[in-house]
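Inspection log for the structure reproduced underneath, given as structure tokens.
Number of protein chains: 6
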Amino acid sequence: MRSVLAFGEVMMRLEVPAYATLEQSRTLHYLFSGSGVNVLSGLSKYGYSTRLISKLPANRLGDAAQAYLRGLGLSTSSILRGGEFMGMYFLESGFGVRSSKVTYTNRKESAFCQSQLEEYEMDVLLAGANWIHFCGISLAVTPNVREIVVALAAEAKKRGLTVSFDCNFRPKLWDSYAEAKPWYEKMLSLADVCMISEQDAIHILNWETKETDREKQMQDFLPKISETFNLSVVAGTIREVAPDGHFLKGFVLKNGDMTCSKSYRFPVLDRIGAGDAFAGGVIHGVLENLSSQETVNFAVAASVYAHTTYGDSPIAGLKEIQEWMESSFREIER
Amino acid sequence: MRSVLAFGEVMMRLEVPAYATLEQSRTLHYLFSGSGVNVLSGLSKYGYSTRLISKLPANRLGDAAQAYLRGLGLSTSSILRGGEFMGMYFLESGFGVRSSKVTYTNRKESAFCQSQLEEYEMDVLLAGANWIHFCGISLAVTPNVREIVVALAAEAKKRGLTVSFDCNFRPKLWDSYAEAKPWYEKMLSLADVCMISEQDAIHILNWETKETDREKQMQDFLPKISETFNLSVVAGTIREVAPDGHFLKGFVLKNGDMTCSKSYRFPVLDRIGAGDAFAGGVIHGVLENLSSQETVNFAVAASVYAHTTYGDSPIAGLKEIQEWMESSFREIER
Amino acid sequence: MRSVLAFGEVMMRLEVPAYATLEQSRTLHYLFSGSGVNVLSGLSKYGYSTRLISKLPANRLGDAAQAYLRGLGLSTSSILRGGEFMGMYFLESGFGVRSSKVTYTNRKESAFCQSQLEEYEMDVLLAGANWIHFCGISLAVTPNVREIVVALAAEAKKRGLTVSFDCNFRPKLWDSYAEAKPWYEKMLSLADVCMISEQDAIHILNWETKETDREKQMQDFLPKISETFNLSVVAGTIREVAPDGHFLKGFVLKNGDMTCSKSYRFPVLDRIGAGDAFAGGVIHGVLENLSSQETVNFAVAASVYAHTTYGDSPIAGLKEIQEWMESSFREIER
Amino acid sequence: MRSVLAFGEVMMRLEVPAYATLEQSRTLHYLFSGSGVNVLSGLSKYGYSTRLISKLPANRLGDAAQAYLRGLGLSTSSILRGGEFMGMYFLESGFGVRSSKVTYTNRKESAFCQSQLEEYEMDVLLAGANWIHFCGISLAVTPNVREIVVALAAEAKKRGLTVSFDCNFRPKLWDSYAEAKPWYEKMLSLADVCMISEQDAIHILNWETKETDREKQMQDFLPKISETFNLSVVAGTIREVAPDGHFLKGFVLKNGDMTCSKSYRFPVLDRIGAGDAFAGGVIHGVLENLSSQETVNFAVAASVYAHTTYGDSPIAGLKEIQEWMESSFREIER
Amino acid sequence: MRSVLAFGEVMMRLEVPAYATLEQSRTLHYLFSGSGVNVLSGLSKYGYSTRLISKLPANRLGDAAQAYLRGLGLSTSSILRGGEFMGMYFLESGFGVRSSKVTYTNRKESAFCQSQLEEYEMDVLLAGANWIHFCGISLAVTPNVREIVVALAAEAKKRGLTVSFDCNFRPKLWDSYAEAKPWYEKMLSLADVCMISEQDAIHILNWETKETDREKQMQDFLPKISETFNLSVVAGTIREVAPDGHFLKGFVLKNGDMTCSKSYRFPVLDRIGAGDAFAGGVIHGVLENLSSQETVNFAVAASVYAHTTYGDSPIAGLKEIQEWMESSFREIER
Amino acid sequence: MRSVLAFGEVMMRLEVPAYATLEQSRTLHYLFSGSGVNVLSGLSKYGYSTRLISKLPANRLGDAAQAYLRGLGLSTSSILRGGEFMGMYFLESGFGVRSSKVTYTNRKESAFCQSQLEEYEMDVLLAGANWIHFCGISLAVTPNVREIVVALAAEAKKRGLTVSFDCNFRPKLWDSYAEAKPWYEKMLSLADVCMISEQDAIHILNWETKETDREKQMQDFLPKISETFNLSVVAGTIREVAPDGHFLKGFVLKNGDMTCSKSYRFPVLDRIGAGDAFAGGVIHGVLENLSSQETVNFAVAASVYAHTTYGDSPIAGLKEIQEWMESSFREIER
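As given, the protein sequences belong to chains Y, E, A, V, U and F, one line each in that order. Per the UniProt record's numbering, residue 1 is the first one in the first sequence, and the count goes up by one each step. Per the UniProt record's numbering, residue 1 is the first one in the second sequence, and the count goes up by one each step. Per the UniProt record's numbering, residue 1 is the first one in the third sequence, and the count goes up by one each step. Per the UniProt record's numbering, residue 1 is the first one in the fourth sequence, and the count goes up by one each step. Per the UniProt record's numbering, residue 1 is the first one in the fifth sequence, and the count goes up by one each step. Per the UniProt record's numbering, residue 1 is the first one in the sixth sequence, and the count goes up by one each step.
Okay, here's the thing in structure tokens:
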């Protein structure tokens, strides 16, 4: 059983039920997630051994988060415990033409965001693993975490793990694109596999294209990214959002083979984490040595499916996704 | 007030709320249903005296089921009590392109499925009734229940009750279509009224048709079924399923008059039991001596409406359905 | 900060959750609303000082209602307390093609509906206010409330407040259109601003038009209403209802300038109170001295947005509505 | 199976969960009860055929109430339907030293309280019954219901039914004890069996006693009541209330034999309806021809047990109560 | 109507329902409270005009908190808005011999704890008020809030407001008693009324006593405190905690008159905020010019009662508390 | 980190909330437990590596159970997957003098109860473990499980694991004590550590004692059991049950040293699994080489504490229990 690591923050999500706002309700549903958690949750359901590298506070919230992650199938043996706080976000779900609203607590004070490079024992953390995944959010939160990301990626690469990096740019966490640029370039150089959008290429890498159509921009940028940063796999999606559903299409360039999935149009139950489901699907495709086309088909299907399940973390197994891909829509399985 | 009987199992439905899965939730909503229960629930709302012939365990679950059925308007005086278990199913509701998933407990060990013919006192059970309804699920569950179905139907026919039979084929409960064929033929021979699909004719009865269009297959098969088995009424629906709603169209052949309803396209709240609502509508049409066209119109409307109400058992009365049929969609009734 | 008053009943709404009926559930969600409450709730979120003139029973239900209204941002200092009862309505939410159903308790016996003109101290109630809003429901409930409406409106006009009147005709509360006609004419004569539909003009005012198209009827009637009753602003909407969403378009005639908004098509979470959101939007437009076009754009946007939020009372602030108007649909704000 | 009738109002109970107040919550739990409902609910669980004579509004609330009562095991075939309203009460549960608070809606306007004698067809209603039960609340609500109570009791007595009457005096529903006195005397004269407290004798009947101890007062009054009104059975309880539980002791005089139960001390889950459980126990004792001692033992046990179950209506069967009486406290039955 | 101010932080309480832990649940109940909020909530129910001086973040959490406080009856016009975060605490309720557990988020980063003296406009904030209340928690959180507390108290005293101070020492928020001592002495010097315990005197003030009995220590310290700091009123309680309930006794020294209440023993629903209920009771006693004995009786009754109501903030009115004090325990009020 | 195994069934618990019955509710809370699960849950919180040997159905219920167990901290790598069904029980919680009621589904048909010895690969399952725990329920359910228990215990003993056995006799699962006797004797012979009650000695082992007092019977039997079956540790508790709480006292004989704990009296939140908490405490005592007195003190404290936490499975860690033992009751920890 191959072993996949991810590095990233664990956050508590506190969601107002039934489309009400924080002013209207008295009740919240909560769960624990994070970009790394979500990628590993999907991979765990596909049968991989998964382990999260993170830090949780040494209190009841940290205990609850740890139990939740174990329930998702992740090993929590590489989660440091210490400090007092964890990042949280409140989610007021939108309806139809009304957007969802996310309100964060002070995540920069979290045990994870305050953790220091020297707390992470590379030898122990990386032992026995085949793959390690990072995302752009970790790169953004605090200088010390940024440092840990680069150090872990470099060390992992040195030890022969495959390194994947999901650009996942969050504008509010950076002062400017220019601030982000060197760090993204560093991580793209260290990575073997990356998930990136045409927007990332334009804004973060500050690249230009003559194309105005988003699909063509993707087709333009993906090979350049692969070449520039010596990446074996580059993947991304184009999403369009409408009140009654989303459109999603995936692109994968693998060993020079550039392909795209068919387009999906579908209603959305829970949007958060669906990008991580795509990343997990790509990782699975590479680990299983699927073709470029098989990889993008699976990764997009995993992502579409994740839009229809509750919570941030993908919960569908290989069989469930594959049956859904192969068969037409079935109403009730009994 | 005319009295309608149905024979069938009572099952406990345990539903994960809010589109979550069993892994994600800590809470279930439950109710009690079953094909016979659902048919009678609708007929009870239309003003008929309804009585279920079944068996429930002699414990708290049986008590709770009995109370629930009384709340639906069914007489429970013909429900045997004894044994220990009842059939249950867990429902994880799908969303959009994701299907619902049903997980059964060991229903074959239920008090009903283990009940024996000699426990059922024909004289008492059939006394004072005008109609008795059966469905193909009862025919499938266990050999002893299969025997009871046929014996009850034969005895009811002898005593002058109208016998209806809803084919309602469940592939997982039979080893093969061939195993089912003689039993279905037996029940169709005993019945005066049946609900059947073109798939049932092709697969169970092993009939052939030159038509490839489903509607034309229905129009081809219904008269043949009526003639072959000497049925006064044959009815069925064609359903198509899409993530954003269902399409439904009904067909009724009554005393040689073959008609169909208009097609409906509608979003679905709760799919289970909507076929039973159609069966109940057909029974109402026959008991009220409605025309073939009035019957199919009402039965399909009852079925469409049942897709929009919570739970397996239809809960709308005659007035509610008729107002809905007659008027265009009204938003709030106040 | 300008001060807006409204006169109207506070009602308790008791809603069956999750699309179930009163027979199927054991749980209700409740809140407190009313046409005047809803108009003021929206205006309170836009930054106005709002005060409701009403009467609540001197018991725990009245206490709970008062606390709820304060939570919405209304001043409750002009709410009389006394009597025993309050109006309530039970809401069974429809789904898709199934309509919502509202069942009222005996609201005519409520503390508000039984209140007498002499309980209302004009000097205190109207002090310091710029605007007072009334609606046709108050005109309908009981003779004494009808008398209070007209007396308050006349007194407010005399003191220089702007008077607005939303026709809001409820057929079940009147014996006939003829009974309503003189009272509506009286209120339109006292008002400076009114919200009215083409149906109101045809049925209540008993006016005729050659137009058959609803939009053209609006364009025909609005200027006539403005002239006949000497109203500076006349506004209204045309709504069409379909199972998968509503269509809404607004019309405003302001100082002779007749304009309409664009048409919206949108899915609906909670329909009740969306007309009050439109009224609040019109009042805001007049108080801010917006153009006719700006007024109708804002008022319709506020109304569409209110269809997507839980509860009867609009809860969105100026910034939230304006951002929604200006930007295309955004999925998650984080 | 002997058939027991009761006459009385059906009320909707709306309860704030988890000890919160109406100001603090957004959710209510609801059920339907009433003194007659509660007595019959218990008797239904003991195996009697039970039927309620009442009136419910012809709307969704009436439908929901009827379904609930059927779920309790009552026949609803003698419930008139018509009118618009039903009585309701809001329950804010006390905790420890804090009392529960009940807030009523306008029950005097309910379909039941407004029903007229001529709506009740004696021949149909009383047919086939062995017993009819009344309570003092029905005597109090409105003059027309008062008239129905007396007429039904007289007619029942004439037809040979046993008549029971639970004094159940509610001070807030009467102007004075003096107003109640002639009506209580009338009902005591018509009854064969009554439930009464020493307080009722002192305040309503205006009787005197030299005893100051409540138990001695009971022992003093019960024989006098039996003689004065020619009652074969007179029963009552003495209750004392403390924050951590209640004390209860029962008294029964049957055919001249005066006995009392042992005293119970017990914590209370739901107090409402426990007096009706005692009345039901007494009725069972008389119908089963139990001795005076057996009757009071069972009736008090049924009442104590009803304090420990959720809701107003007793839900325990004979076996459950008898096992509890016979055995010492058992922790879990598995 | 006299106007009472309080200065203090507003916190979000997130409570796991039904005695579960954060690991076991998926749901939280939330509300907003704080020591100042609680004191004003009680006073608001007694009929005073109440206004909180605080700061809330300029986001959806701040909006929700503001709406909640208005629902409690507080004016929120003196609450600054700005910054991003608010203090939160998670509550896992104990049961029987198991203690409740509180886990805080990083409250020191809250908008309130980071607010600066210059943001508070004394002229506006103190205008029209008769009284201002502070508590020891505000003194503890951050140096800037500590500075605001002292400045506000001094300014209020100068303007003739009565100043009250509840010592409310929280060991975890201070490095040592010695660190707290000068600040407590400063506030006691500025205050007219204080709430203090014998433990505060011993540990914070570092006073000595020969008494070992807690009651005698109180009687020893209270006059000394009054003299030393020139306080007109000094009040405190002695609490003892047992699994099945608490014991509470109050002490008030007012204008040299030292009295105590009777002792109460009672089961507890919600402990948090009961000390603030005592403080509010003392303030009421002083504002109403009640005697020392009346004051302590009322304040302790208000505190005991607050242990029996849900939430941190007292919700009982004068009438409710006084009826409870005057009458023996009543079971249901209907 | 020492590794502890347990063998036993995983059951689904479905609990009616808020003291209602299955007839009264529409909602259930569910979790997964079992005697082995509970023992390991406690040990996992104490820091041991824990692994359950069991079998779960290859469906969504099995998935949900597996996720739940991982959340408790158990390794699920030794849980076989296959078959269709799992054991379930419905829990209706008692209140005060009313007992809880448990209703089982057909557990004998569960994947676990139908599993065969040959499915269990001893080499894999027992590898790396220090201890294995069994309980009498596994011995009772089906002949094949009985066989597995004995085979696993024998094999474990052979490989040098410590074997513990909790007698945990369930009368309903055996035909007679005589049927159980040889199997219990077999397991006691194989075990190194056992948990047993004086009732087990009398009824199952058919031993006699002159003592009539339960404590003295324990003191009489424990040494005999130790000698007869060559057990290094024998432990047990005496429990007495009353409506307002339980009494518990523990006994441990370890290496010839017979001691008992102090007696506890405490209110109970959730009784199920508290015996397993005692067993886990004893195992901890032995693994940590605690003295006889320390072991019994800790084991009883763990058991008492488990009565106060929600769910079957102990959730308290070492620190939490030890702090509770050492300190007097603390009300809120903040």
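Just so it is clear, CB atoms sit at the ideal spot from N, CA and C, and this is done for glycine as well.
- Pairing Leu69/U with Val37/U gives a Cβ-Cβ distance under 8 Å.
- Beta-carbon to beta-carbon, Leu52/Y and Ala127/Y are separated by about 15 Å, too far to satisfy the 8 Å threshold.
- The region 176-183 of chain E makes contact with the region 191-205 of chain E, as at least three CB pairs between them are under 8 Å.
- Here Val193/A really is in contact with Val282/A; their C-beta atoms are around 7 Å apart, less than 8 Å.
- One Cα belongs to Ser75/V, the other to Leu22/Y, and the distance between them is close to 45 Å.
- For His29/A, the chain V residues whose Cβ falls inside 9 Å of its Cβ are Arg26, Thr27, Leu28, in order along the chain.
- Under the 8 Å criterion on CB atoms, Thr21/V is classed as interfacial with respect to chain U.
- Within the same chain, and ignoring the five residues on either side of Asp276/V in sequence, the residues whose Cβ sits closer than 6 Å to its Cβ are Ser35, Asn38, Val39.
- Closest in alpha carbon position to Glu326/E, among Ser313/E, Glu294/E, Thr308/E, is Glu294/E.
- Listed in chain order, the non-local C-beta contacts of Ala65/V below 6 Å within the same chain comprise Val10, Phe32, Leu56, local neighbours out to five positions each way being set aside.
- With three or more CB-CB distances shorter than 8 Å, the region 256-273 of chain V counts as touching the region 87-97 of chain F.
- Assigned with DSSP and collapsed to three states, Met325/V falls in helix.
- Counted as a single uninterrupted DSSP element, the stretch harbouring Phe95/F is not any beta strand (DSSP E), since DSSP gives it neither H nor E.
- Any Cβ of chain Y closer than 8 Å to the Cβ of Asn59/U would place that residue at the interface, and such an atom is present.
- The shortest CA-to-CA distance from Ser25/F to any of Ala129/E, Gly317/E, Thr209/E, Leu61/E is the one to Leu61/E.
- Counting of Cβ neighbours within 10 angstroms places Phe278/U among the buried residues, the total reaching 16 or more.
- Against chain V, the CB of Thr103/A has a partner CB under 8 Å away; the residue lies at that interface.
- Under the three-state reduction of DSSP output, Asp166/V falls in the strand class.
- Cβ-Cβ separation between Val4/U and Leu43/U: approximately 5 Å, consistent with a contact (criterion under 8 Å).
- Contact residues of the region 291-305 of chain A toward chain Y are Val304, Tyr305 (C-beta to C-beta distance below 8 Å).
- Contact residues of the region 69-102 of chain A toward chain U are Arg70, Gly71, Leu72, Gly73 (C-beta to C-beta distance below 8 Å).
- Distance from the CA atom of Thr228/Y to the CA atom of Met195/Y, rounded to whole angstroms, is 15 Å.
- When only Cα atoms are considered, Arg271/F and His284/V end up about 35 Å apart.
- Against chain A, the beta carbon of Ala127/U has no neighbour under 9 Å; the closest one sits roughly 17 Å away.
- Taking C-beta atoms as the reference points, Glu119/F and Leu152/F fail to come closer than 8 Å.
- Here Leu248/A is bridged, per DSSP, to Arg239/A, Tyr264/A.
- Contact with chain A is absent for Glu9/V, since none of that chain's Cβ atoms lies less than 8 Å from the residue's Cβ.
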